[in-house]
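Given below as structure tokens:
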């Protein structure tokens, strides 16, 4: 807060600044990101210390599968961002369509993730087979749990949008914030597991 | 805020709160400093090393766990306070009762088994080292690996807070419950690994988890305190409780 | 007005997907005769690119751009902390290896 | 009246349960006198080989009925509803410990039954089960202590002309709690008063539990009677 008080006065803005969704959700976003940062740091540290073993195991991953999954999740994020804007504009039919699109791309991501797991398990890479795959399965699985919760959150969002008497823009934005968190956590996981050398 | 006074209408809440703080402090001191079971012993110890471990912490283990055996019942106070907090919310009582039962049950695998297993191991240092190792595993794994109650419990509390319209707890604490629930999941690999970051003393399965749990516990104790401070029972005499109170339950809204 | 907003989101999506595809190039660059090699440059740029993507998602998709200053500072601070911790863990690990 | 006669039924299960408990307690060959913590693994194994049947049958019965006290505890919790409290918090404390206490005893009966399940196994293993059973049985008092303390505080807070339970019941519960506490330290001694077969850890603790059940059932009966009278007056 002190930073704000000591900062030079900002030029007047035409529209009022507002926090998207419940400010409370941002506590989750920041706290959960910090927990993940801790997981990532542990992974990167051990990875850097045992580079050769990690590289060898990592070569089993299909980068293009990861890229596809990432783009699917980014697209779902894009859809829910549109959903927030259309809901704000009162175009609820379009908003509902965008919410379903979000869920759809989420399911595509889920399918790609499961395909990736099945592929790795067929190659003999499991949670216990090597250090790299410990982290791989751990990080993708804990993210998967977040994604599953994300579908519950989307359910809440659709419930909000479906009834004229509900339609709380705040809750819609809160749900979207959660979904974007799932998205950006995956962006990090993808870079760290698939690309980092 | 002075210590609970005789006439303080909130005294029973304060007794429970101080007892809860006392219990968590005692619990931390005993587990970290007296018995040295936190941070946990090494999962990769050979049977002989386990026997040495029991011998090394002999007195601390026996005295520390004896204190838990004597005072562990106080764990019910924080559960009762949280149950009460959920009762104050505009949600079904089912949430409150689920929380109460989940955590009442969790006491046995949550801290009683480790006390029994470690006491048994320390009790007979000359026991076959293979069996000592079994007791050691039983102690640590029952303690770390039974997180389901805490997972579901946190989710129940979270849902109640998010649905509540009385603002008993801030919404952000509801979301913090989700963070806590998700770190509980992460302990599960301790059933699989002897060493590394996912073992029962690992960086991820133990250190990060305990850190999050510590913050979570500190936060909810402070929030419970705020809840009690905000509680307004008035300062008048206790409601008259004729023997017919049951017929007129309106006089004691919350006692029902 | 509304179509303008949607165009902005579309451009953001294109940029984010573009960076994702860029990873294929980074990945390819860190190969010698088809053998994967450790590469500090590839790793650091992967982490930095990911953090840039996170910031874009926060600013644009999560609408932090239009939020009060405090939230902008908090989210930017979060990204700085992530950058320091991730790069720090990686580089310290390498130095100790 | 339906509610009160239901509570009477629960109350009158107590003598039946008590008789079953006493019989099972006497049937278990390791209680009278209590087994010694100093016995060698061979002696312990021989004990289970010689008394296999009695250990099994007595512990099966105790395993069945150890949770039978929970309904009685809930009768006490129901009486607490009428105490002059502003919140239900003391009842929640009681419910919180009421379930855990019998489960602790249930666990010890499982260890005893395991010890007797394969009496011919390696004596060391039988001895370990025996240790686990006795330590769980003897040291597992935290929830019983909690019960007494919570009840004592509840009665202390029940400030009304005609309290639900008389004042002295609070003091009585504190005395019982103090009598139970030494048993928690049974792990520290193989011989003497603190050992699991010693004066404090075995005799004082178990007599205290028996006394608590007897006294509380008498007090509870009176409280129930008063409720019947009140309900009759109201009708």
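Protein chains in written order, with this note's numbering: chain A, 2 to 198; chain B, 3 to 258; chain C, 36 to 132; chain D, 498 to 732. All C-beta atoms, glycine included, are put in the ideal place defined by N, C-alpha and C.
Span separating the alpha-carbon of residue 643 of chain D from that of residue 76 of chain B = 6 Å
What in chain B is Cβ-close to residue 26 of chain A, meaning under 7 Å?
-> Going along chain B in sequence order, the residues near residue 26 of chain A (Cβ under 7 Å) are 177.
Residues of chain B with CB under 8 Å from residue 40 of chain A, in chain order?
-> 206 and 210
Quick one: what's got a C-beta closer than 8 Å to residue 24 of chain B's C-beta in the same chain, skipping five residues either side?
-> 76
Within 10 angstroms of the Cβ of residue 512 of chain D, are there 16 or more other Cβ atoms? Answer buried if so, exposed if not.
-> By the neighbour-count rule (16 or more Cβ atoms within 10 Å), residue 512 of chain D is not buried but exposed.
Between residue 53 of chain A and residue 173 of chain A, is the Cβ-Cβ spacing less than 8 Å?
-> no
Give me the Cα-Cα distance between residue 503 of chain D and residue 96 of chain A, rounded to the nearest whole angstrom.
-> 56 Å
Would you mind sorting residue 196 of chain A into buried or exposed? The rule is 16 or more other CB atoms within 10 Å of its CB.
-> Taking all protein chains shown into account, residue 196 of chain A has 16 or more neighbouring C-beta atoms within 10 Å of its C-beta and is therefore buried.
Could you tell me whether any Cβ in chain B is nearer than 8 Å to the Cβ of residue 32 of chain A?
-> yes
Neighbour flag for residue 14 of chain B against chain D, beta carbons, 8 Å | yes
What separation, rounded to the nearest whole angstrom, lies between the Cα atoms of residue 711 of chain D and residue 704 of chain D?
-> 10 Å
Just how far apart, CA to CA, sit residue 574 of chain D and residue 709 of chain D?
-> So the alpha carbons of these two residues sit roughly 16 Å apart.
Check whether the Cβ of residue 67 of chain C lies closer than 8 Å to any Cβ atom in chain A.
-> no
Is there contact between the stretch 511 to 528 of chain D and the stretch 541 to 558 of chain D, where contact requires at least three CB pairs shorter than 8 Å?
-> Yes: at least three Cβ pairs fall under 8 Å.
Host alpha helix (DSSP H) of residue 560 of chain D (start-end) = 549 to 562
Give the C-beta separation of residue 113 of chain C and residue 34 of chain A to the nearest angstrom, bearing in mind that I take them to be a contact with Cβ-Cβ under 8 Å.
-> 6 Å
Once you ignore the five residues that flank residue 170 of chain B on each side, which residues in its own chain have a CB closer than 7 Å to its CB?
-> 87, 90, 91 and 229
Residue 86 of chain A to residue 77 of chain C, Cα distance in whole Å?
-> So the alpha carbons of these two residues sit roughly 37 Å apart.
Own chain residues within Cβ distance below 6 Å of residue 121 of chain C, not counting five before or after = 82
Return the chain-ordered list of same chain residues with a C-beta closer than 7 Å to the C-beta of residue 169 of chain A, the five sequence neighbours on each side being excluded.
-> Around residue 169 of chain A: 161.
Taking all protein chains shown into account, decide if residue 132 of chain B is buried (16 or more other Cβ within 10 angstroms of its Cβ) or exposed.
-> Result: exposed.
Under the DSSP definition of a beta bridge, which residues are partnered with residue 67 of chain C?
-> C/70
Can you find a C-beta in chain A that's less than 8 Å from the C-beta of residue 219 of chain B?
-> no
Below 8 Å between beta carbons: does that hold for residue 599 of chain D and residue 559 of chain D?
-> no
Rounded to a whole number of angstroms, what is the C-alpha to C-alpha distance between residue 184 of chain B and residue 137 of chain A?
-> 17 Å
Where does residue 17 of chain B fall in DSSP's three states?
-> helix
Is the Cβ-Cβ distance between residue 635 of chain D and residue 601 of chain D less than 8 Å?
-> The criterion of a C-beta distance shorter than 8 Å is not satisfied by residue 635 of chain D and residue 601 of chain D.
Which of helix, strand or coil DSSP assigns to residue 43 of chain B = coil
Please confirm if residue 103 of chain B has its CB atom under 8 Å from at least one CB of chain A.
-> No, residue 103 of chain B lies away from the interface with chain A (no Cβ there is under 8 Å from its Cβ).
For residue 11 of chain B, name the three-state secondary structure that DSSP assigns.
-> coil
Candidates B/78, B/47, B/38 and B/14: closest to residue 66 of chain B by CA position | Comparing alpha carbon positions, the residue from B/78, B/47, B/38 and B/14 closest to residue 66 of chain B is B/38.
8 Å Cβ cutoff, residue 96 of chain B in contact with chain D = no
Tell me whether residue 167 of chain B sits in a helix, a strand or coil according to DSSP, three-state version.
-> coil
What are the complete alpha helix (DSSP H) segments, minimum 4 residues, inside the stretch 575 to 643 of chain D?
-> Here the runs fully enclosed are 586 to 614 and 620 to 636.
Local Cβ density within 10 Å of residue 83 of chain A, reported as buried at 16 or more and exposed below that = buried
Residues in its own chain within less than 7 Å of residue 85 of chain B by CB, not counting five upstream and five downstream?
-> 98, 101 and 102
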